[in-house]
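Residue numbers (this note's numbering): 7 to 984.
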């Protein structure tokens with residue numbers, strides 16, 4: 007702290023009182039004036055710590071200002087004294103705060119508005135004791151503040167409280183004075199009110215009694231004086247007490263107030279005595295007026311009886327229907343005035359009876375009428391409010407009608423009626439008003455119905471005719487008053503029928519408009535038809551949405567036509583039904599023509615088909631030209647309605663369709679001739695066949711070979727010259743090849759050389775199979791022999807040798823070799839192990855597939871022989887052997903023959919590559935036996951069973967065993983021939 011203060015005392019120059027100016031130096035470290043080291047990094051710390059001041063600069067120079075800070079910054083005693091002084095200051099400050107806290111008890115003297123405090127206090131009409139307590143509180147404040155010392159010392163601080171305490175004393179005195187002033191004003195007001203009341207009583211007592219009214223007035227004054235004696239005396243005493251209290255507070259009082267206060271008791275006593283004398287002097291007058299009062303009471307009773315009879319017969323509660331409610335409202339005012347007069351007379355006579363000490367008369371008929379009149383007033387008030395609301399509503403223009411506002415309004419009135427007491431609700435008038443309001447409410451939904459946008463001028467004319475009320479439909483003048491006059495609830499059924507008809511007609515109108523608008527705007531999508539890189543003209547785009555819309559609108563128009571509300575729109579609906587029917591017929595025919603045109607266009611416009619079918623090509627050109635002209639016209643104006651309604655459009659499309667049908671028939675006949683020449687063309691589609699026939703390249707058949715041959719991916723075609731290509735082999739899907747023994751020239755018609763390929767496939771397969779049978783185990787093992795031949799040849803050869811070996815064992819057993827079958831079973835087990843061992847060795851993919859297939863057949867062969875050993879089947883004539891699929895090479899025909907029981911079949915030699923075989927189970931053997939026996943009798947087989955159990959695959963596997971092509975066809979209801 008002292009360092010901070012010292013930094014404010016600048017150094018002087020030597021031998022002078024002139025302050026040292028700031029010293030400039032570079033930001034780098036250096037020695038300035040006697041060894042003080044200044045570094046740019048210390049400038050901020052020096053500035054904050056309170057030593058020599060550093061002044062900022064925008065360039066590389068800075069300034070330092072020397073003060074006395076450097077002389078005291080390193081003296082410990084200075085720092086210790088500074089800490090002691092700081093502690094003493096803190097203690098003194100705390101003591102000062104504690105002393106000042108006791109003055110918080112007087113904050114009400116300077117913080118509050120004195121006038122507001124007084125007004126709030128006297129607004130509660132406090133008693134004198136409460137007032138005195140409040141004044142004493144401020145007196146106590148004065149007693150405490152006046153002796154308080156004006157000077158107070160706290161160590162090195164002297165507190166002068168003189169002006170502060172004087173202000174508090176002044177505030178307290180002002181508050182006491184203001185409270186006293188308020189009390190004085192209140193006491194003065196009460197004093198003068200008491201004086202005026204006494205003067206009034208004195209004047210009233212002196213009034214003459216010439217008439218009964220004057221007598222009543224004087225007697226009433228006497229009664230007031232006598233009944234209020236205690237209250238008046240209490241008021242006088244309270245006023246005196248207030249003046250006595252004000253006197254104790256040295257509050258000055260005027261001489262007039264003191265004189266009045268002094269005379270109050272005597273004046274009150276005098277007036278009280280005068281009232282008694284006046285009452286005694288009026289006895290004779292009271293007797294005379296008592297007789298008059300009794301006569302008036304009798305007259306009033308008779309008048310009340312007459313009024314009650316008239317009220318019951320002709321009063322406002324005697325109406326019988328809602329049409330009389332307005333008349334009843336007028337009667338209500340008349341009878342209410344008359345009843346009020348009777349009530350006034352009755353009250354005056356009752357007051358007279360009290361004055362003359364007569365028994366109070368009762369008027370039961372008047373009480374009954376008053377009660378009923380109150381109930382009627384509630385009902386008629388409700389009816390009047392409802393009528394005013396209806397008048398207000400009736401001024402509403404029809405176009406501005408909000409039915410909900412009317413409903414809410416009338417519902418509120420009905421609720422108000424229901425909230426009334428049971429006695430009121432049971433009155434006939436209440437029932438009439440309720441019925442009237444409910445009838446009005448019932449008419450409001452009818453207004454809502456009439457507000458329906460569906461109503462047209464013809465419907466309003468129909469309503470006027472039915473109600474026989476004419477009105478102007480001008481929207482500027484047509485108000486709800488017209489409808490209120492109609493009493494719509496009387497024509498509920500008529501209005502419902504009209505509104506229903508209007509609503510239904512509006513639905514039809516909207517439906518017809520939607521149809522018209524849709525088809526006036528709906529257009530064809532006409533994209534370009536591009537095939538390859540050639541622009542072939544235009545075609546219709548997808549018409550699914552158009553056809554769906556057409557169906558929807560046709561059904562909608564049929565529904566409209568069947569409606570009994572079709573009247574105003576019958577001709578329009580019938581016209582559009584015909585129009586949409588024509589559009590549907592044209593579009594359906596158009597799409598059929600387009601499909602045929604797109605199919606035939608690619609055939610007849612280019613390719614070799616034109617040269618082979620010249621007449622059909624010429625006919626197609628004619629129809630093609632006409633179709634393209636139609637599509638060009640459609641492209642320019644794609645409006646569906648316009649295009650379909652062209653005068654000759656339907657006839658032109660029918661002509662094109664018939665012409666294209668003839669072209670397609672000729673084309674189908676041409677394709678059938680090709681298929682008959684090479685039946686396997688039936689396995690491919692017309693387009694695929696046309697792609698083959700339309701191309702001069704033999705390679706065109708390659709992509710379709712897989713469909714005409716089982717598991718054959720392609721032919722190996724070798725081009726011998728520009729004009730000659732030879733088919734040298736068949737390549738399976740597994741890339742296994744069967745090289746033809748004799749190549750096939752792909753010359754001439756494709757069906758001819760494909761027939762030669764088929765024949766060469768079978769011939770080559772037969773020769774290879776015969777060779778494999780001949781060289782079976784010749785100078786090599788069975789496994790090594792399998793490497794030399796394709797898969798299906800290996801399978802057929804193995805099964806031929808297995809059949810021969812089994813029957814050879816049967817012969818040996820017949821000659822006495824009893825162990826022949828067991829030994830052969832062991833041989834098969836060894837063969838099986840050899841195949842398994844070979845499979846476990848590294849093999850190519852095709853060799854592994856080949857050995858896997860051989861393994862499947864070898865396992866089945868082993869199982870058959872094991873069953874022979876188990877069941878002692880030792881004769882070739884046993885059924886167990888006859889029922890097996892047996893392979894023989896017939897020497898007489900030099901061909902492979904397959905026998906099973908009575909069936910005998912030639913091997914088909916269909917090349918199928920390495921497409922595998924099924925594991926043969928006893929059930930598979932039964933299926934083979936059943937199908938082969940059926941085929942031997944020229945019958946068919948129909949395997950039955952759950953889906954996915956292998957029925958189809960078993961039949962296909964039998965075909966593989968027989969070397970035949972198996973064609974799988976999914977039959978449907980539309981297929982009635984193969």
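Every residue, glycine too, gets a C-beta built ideally from N, C-alpha and C.
Since I believe residue j is in contact with residue i (beta carbons under 8 Å), could you give me their beta-carbon distance rounded to a whole number of angstroms?
i           : j           : result
residue 806 : residue 895 : 6 Å
residue 369 : residue 307 : 7 Å
residue 757 : residue 687 : 7 Å
residue 924 : residue 904 : That pair is no contact at about 17 Å.
residue 770 : residue 744 : 6 Å
residue 852 : residue 741 : 7 Å
residue 415 : residue 393 : Rounded, the Cβ-Cβ distance is 12 Å, inconsistent with contact.
I need the DSSP call for residue i, collapsed to helix, strand or coil.
i           : result
residue 68  : strand
residue 966 : helix
residue 101 : helix
residue 826 : helix
residue 572 : coil
residue 565 : helix
residue 20  : coil
residue 88  : helix
residue 349 : helix
residue 444 : helix
residue 834 : helix
residue 25  : strand
residue 73  : strand
residue 234 : coil
residue 691 : coil
residue 368 : coil
residue 973 : coil
residue 373 : helix
residue 51  : Only weak support is given to the placement of residue 51: the predicted model assigns it a pLDDT of 39, under 50, and the value that follows is read from those uncertain coordinates. Helix.
residue 186 : helix
residue 256 : coil
residue 728 : coil
residue 40  : For residue 40, the predicted model reports a pLDDT of 38, less than 50, meaning its position is unreliable; a value from the coordinates is still stated below. Of the three classes helix, strand and coil, the one that applies to residue 40 here is coil, per DSSP.
residue 715 : coil
residue 396 : helix
What first and last residue would you give for the beta strand (DSSP E) that runs through residue i?
i           : result
residue 745 : 743-751
residue 721 : 718-725
residue 738 : 731-738
Mind checking which residues open and close the alpha helix (DSSP H) that includes residue i?
i            : result
residue 687  : Careful: residue 687 lies outside any alpha helix (DSSP H) and carries neither H nor E.
residue 581  : 576-610
residue 646  : 646-650
residue 542  : Unbroken run through residue 542 is the beta strand (DSSP E), 540-544; no alpha helix (DSSP H).
residue 418  : 409-425
residue 619  : Looking at the DSSP string, residue 619 is not in any alpha helix (DSSP H), and its letter there is neither H nor E.
residue 330  : It is not in any alpha helix (DSSP H) - residue 330 carries neither H nor E in the DSSP assignment.
residue 802  : 797-820
residue 703  : Neither: residue 703 is in no alpha helix (DSSP H) and is coded neither H nor E.
residue 429  : 428-431
residue 212  : Unbroken run through residue 212: none, as it is neither H nor E.
residue 1012 : Residue coverage of the chain in this structure runs from 7 to 984, which leaves residue 1012 outside it and unanswerable.
Bridge partners of residue i, per DSSP?
i           : result
residue 175 : Answer by DSSP bridge pairing: none, since residue 175 is not bridged.
residue 145 : None, per the DSSP bridge assignment.
residue 157 : 166
residue 536 : 541
residue 529 : 645
Any heavy atom of the ligand ADP closer than 7 Å to the CB of residue i?
i           : result
residue 950 : Inclusion of the ligand ADP in the displayed structure is not the case, the ligand content being empty and no account of it being possible.
Cβ of residue i less than 8 Å from any chain E Cβ?
i           : result
residue 796 : Checking the listed chains, one finds no chain E in this structure; it contains a single protein chain.
**Request:** Could you name each continuous beta strand (DSSP E) segment of 3 residues or more that falls completely within the segment 874-956, going from the start of the chain to the end?
**Result:** 892-896, 901-906, 909-912
What residue ranges within the segment 753-787 form continuous alpha helix (DSSP H) runs of no fewer than 4 residues, ordered along the chain? 756-780
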